[in-house]
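First up is the structure itself, then whatever we jot down about it.
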DNA sequence: CTGGCTGCAAATCTTTTGCATCCTG
DNA sequence: CAGGATGCAAAAGATTTGCAGCCAG
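Protein chains in written order, with this note's numbering: chain A, 3 to 136; chain B, 3 to 136.
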């Protein structure tokens with residue numbers, strides 16, 4: 003696929019499968035999710051390859067690493083600034099459209115270098131919220 | 003110590019050592035940090051005890067679990083709402099005083115149950131920022 | 001005195017690494 | 001055809017668990 007050429011790394015069949023799995027994926031998959039999905043096409047792919055590809059994508063700014071799941075790392079092909087909610091019941095992560103403005107006091111701006119900031123929420127997703135209230 | 007009576011769990015010497023280590027601690031220690039610290043007083047304490055105590059404290063709302071370190075879980079005895087910055091260089095976590103107001107759209111409020119929300123920042127802490135610019 | 005807590009060791013889970021071989025550009 | 005990518009297996013790290021014995025309330 004030419005659409006992946008611009009990433010600037012060797013486009014192997016395994017990497018293509020990973021990229022296609024991630025493309026437009028808003029499920030915030032873990033390395034294991036990605037591994038198990040690509041396994042269907044490439045029964046010999048290894049975690050080493052998956053992690054190496056994820057690292058290469060992160061380095062090129064094509065993938066975000068999410069740490070709101072306390073159990074393992076998750077990945078997000080959407081690198082635009084947005085907010086997440088971690089569902090404490092089903093452990094899934096959801097994109098949520100919220101608005102906010104952060105005021106960084108002068109003391110913070112002077113002393114820290116802030117490269118990223120985003121809002122993390124936790125609670126219950128729509129389907130778990132319904133089950134909860136029954 | 004009577005100040006820990008109100009937690010509502012058995013106050014063993016090991017737990018007291020953990021509580022004293024955590025009290026007022028704003029270094030956001032990991033389980034390993036806590037383990038190694040208590041080890042000085044109790045050379046036979048185990049990770050099982052540390053993790054069991056941390057779980058008991060979390061359940062009673064006396065301890066917050068932080069997931070902004072991508073490598074391991076960190077803990078914070080300050081359970082009031084506040085913001086963190088993870089330093090990408092030294093891997094430490096800092097409390098930062100920032101102000102913000104989040105607007106949750108009607109669609110979000112209707113469909114999700116949001117128990118917590120906070121701001122996560124990453125970048126460089128004061129000392130790493132200085133080294134960086136040299 | 002009893003249920004919860006402790007400590008040990010083993011298990012589990014996630015992520016990383018060394019290395020020989022392979023294949024994209 | 002060279003350097004980066006792959007796959008295997010082993011290692012490293014973090015966290016959990018089973019269980020026998022212990023002790024705070």
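The beta carbon of each residue, even a glycine, is placed where N, CA and C say it ideally should be.
- Rounded to whole angstroms, the Cβ separation of residue 71 of chain A and residue 88 of chain A is 6 Å, and the two are in contact under 8 Å.
- Counting along the chain, residue 19 of chain A sits inside the alpha helix (DSSP H) bounded by residues 15-24.
- Put simply, the CB of residue 116 of chain B is near chain A, with a gap under 7 Å to one of its CB atoms.
- When the Cα atoms are used, residue 75 of chain A and residue 123 of chain B turn out to be separated by approximately 17 Å.
- In the three-state scheme derived from DSSP, where H, G and I count as helix and E and B as strand, residue 65 of chain A is classed as coil.
- Membership of residue 100 of chain A in any alpha helix (DSSP H) is not indicated, and neither H nor E is assigned to it by DSSP.
- Taking the Cα positions, residue 119 of chain B is about 13 Å away from residue 66 of chain B.
- For residue 31 of chain A, the nearest beta carbon of chain B is not closer than 7 Å to its own beta carbon.
- For residue 52 of chain B, no pairing in a beta bridge is given by DSSP.
- Here residue 119 of chain B is bridged, per DSSP, to A:123.
- Here residue 17 of chain A is buried, its C-beta having at least 16 other C-beta atoms within 10 Å.
- Not a single C-beta of chain B is nearer than 7 Å to the C-beta of residue 53 of chain A.
- Shown here, residue 77 of chain B sits in a strand according to DSSP, grouped into three states.
- Of all residues in the stretch 104-129 of chain B, those with a C-beta nearer than 7 Å to a C-beta of chain A are 104, 105, 106, 107, 110, 113, 114, 115, 116, 117, 118, 119, 120, 121, 122, 123, 124, 125, 126, 127, 128, reading in chain order.
- Excluding five sequence positions before and after residue 104 of chain A, the CB atoms of its chain that fall closer than 7 Å to its own CB belong to 119, given in chain order.
- Residue 92 of chain A: not part of any beta strand (DSSP E); DSSP gives it neither H nor E.
- By the criterion of a C-beta distance shorter than 6 Å, residue 92 of chain A is surrounded in its chain by 130, once the five residues flanking it on both sides are discounted.
- Identification of residues in the stretch 83-106 of chain A having a C-beta nearer than 8 Å to some C-beta of chain B yields 87, 90, 96, 98, 99, 100, 101, 102, 103, 104, 105, 106, given in sequence order.
- Residue range 33-41 is occupied by the alpha helix (DSSP H) that includes residue 39 of chain B.
- With a cut-off of 8 Å on Cβ pairs, the stretch 21-40 of chain A is in contact with the stretch 51-68 of chain A, counting three or more such pairs.
- Of B:59, B:133, B:46, B:101, the smallest CA-CA separation from residue 8 of chain B is found for B:59.
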